[in-house]
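Note sheet for the following structure.
Now the structure itself:
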C-alpha cells in the first residue's frame with residue numbers, strides 16, 4: 631500500500647450513492663484538518679484510465695472539499711476492488727457504518743461482482759439472517775424514502791424500525807411519513823409512538839394521522855400525561871393545538887374557497903366555519919363571565935376596609951378599566 635497526494639477531481643466517487651451524509655461530522659473533520667492537517671489517508675484502488683476509485687474516506691473527501699482544498703492524501707491498495715470492499719466491511723473503515731451503508735455494499739458485491747449472499751456471509755463472518763436483514767432494509771424502501779436516508783435527513787433507525795415494515799404493508803404511507811419527517815423531524819420515541827398507534831388504527835384514523843404526524847404525537851403525549859397536569863396546563867396545551875389548527879385553516883382558505891365552487895361542498899365548508907366561529911365566540915363569552923367574579927365586592931362596612939370613603943372611590947376607579955357585563959365583546 632502506498633500513500634500519495636492526489637487531486638480530488640481524479641478520484642472516482644463510485645460509492646457515494648450508498649454513503650449516508652452527515653454534515654455535522656463533515657464540519658468536525660474539516661475543523662480537525664484545518665488545525666492539524668489530514669492525519670488519515672483515504673482508501674482507494676486503481677481504476678481505469680489512471681483514475682482512483684474511492685473506497686473509504688467519503689467524509690474526509692467532503693471535509694476537504696468544504697475547506698476548498700484541491701488535493702488530499704490517499705492510500706492506494708494493491709488488490710482487486712471487490713477484495714477491498716470485503717476488507718472494508720470486515721474492518722469497518724473510518725467509522726461505525728450505518729446498516730443501510732452495509733446493505734449498499736452487499737448489493738454492490740452481489741450485482742457487480744457476482745458474489746452470492748451465502749459467500750458474502752462466509753467471507754465476512756456474518757450469518758445468512760444478518761445478510762438477509764440488510765438486503766431487506768435496502769430493497770423494501772421506496773426510492774423517495776431511501777434517498778432521504780442516504781442524504782442524512784432520516785435516520786437509519788427510523789428506516790429500519792418504522793419505514794421498512796411500514797413500506798412492506800403500504801409503500802405510499804411510508805413515503806408520506808418520510809416526507810413529513812423531512813419537514814418536521816421526530817425523536818425515536820415519538821416515531822415509535824406514532825407507529826404503535828398506526829398499527830392499531832383503522833384506515834380512516836391512519837389517514838388523519840398521516841395528515842399531521844407531529845400534531846398526532848403531541849396530542850397523544852398530552853393525553854397520556856394529562857393525569858399529571860393541572861387543568862390550567864391542559865387548557866394551555868389545548869389552546870396551542872387549536873391555534874395551530876386555526877392557523878392552518880386560515881392559510882388554506884384561499885385554496886379551499888374559490889369562484890363557481892360546487893354549492894353542496896361550499897355549504898359544508900361554511901357550516902364548519904360557522905361552528906368554529908360560534909365556539910370561539912362562546913369561549914370568549916365564558917371567559918368574560920368568569921372574569922366578572924374578579925370585580926371587587928367588598929362593602930364599605932366590611933371589616934378591614936380602613937377609610938370607607940377612600941375605599942369606595944378605589945372600588946370605582948378599579949371597576950372603570952374592566953369590561954361591563956353585557957357590553958361589546960372583543
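Numbering (the working numbering), first residue to last: 631 to 960. C-beta: ideal position from N, C-alpha, C; glycine also. This one's a predicted model, so the numbers in the text were calculated from it and none came from an experiment.
Between residue 794 and residue 767 a beta carbon distance of about 6 Å is seen, short of the 8 Å cut, so the two are scored as contacting.
When secondary structure is reduced to three states using DSSP, residue 921 falls in the helix class.
Leaving aside the five residues that flank residue 718 on each side, the residues in its chain whose CB is nearer than 8 Å to its CB run, in chain order, 673, 685, 686 and 735. Spanning the alpha carbons of residue 835 and residue 692 requires a straight line of approximately 43 Å. Using a 10 angstroms sphere on the CB of residue 875, the tally of other CB atoms stays under 16, which defines it as exposed.
With a contact defined as Cβ atoms closer than 8 Å, residue 704 and residue 660 miss out at about 18 Å. Residue pairing by DSSP places residue 673 opposite 686 and 705 in a beta bridge. The alpha helix (DSSP H) runs of length 4 or more contained entirely in the segment 801-879 are, from start to end of the chain, 801-813, 818-830, 833-841 and 843-854. Looking at 891, 864 and 907, the one whose alpha-carbon comes closest to that of residue 879 is 907.
Per DSSP, residue 758 is one residue of the alpha helix (DSSP H) stretching across 758-770. In summary, residue 746 is exposed, with fewer than 16 beta-carbon neighbours lying within 10 Å of its beta-carbon over all protein chains present. A direct Cα-to-Cα measurement between residue 838 and residue 873 gives close to 18 Å. In the three-state scheme derived from DSSP, where H, G and I count as helix and E and B as strand, residue 891 is classed as coil.
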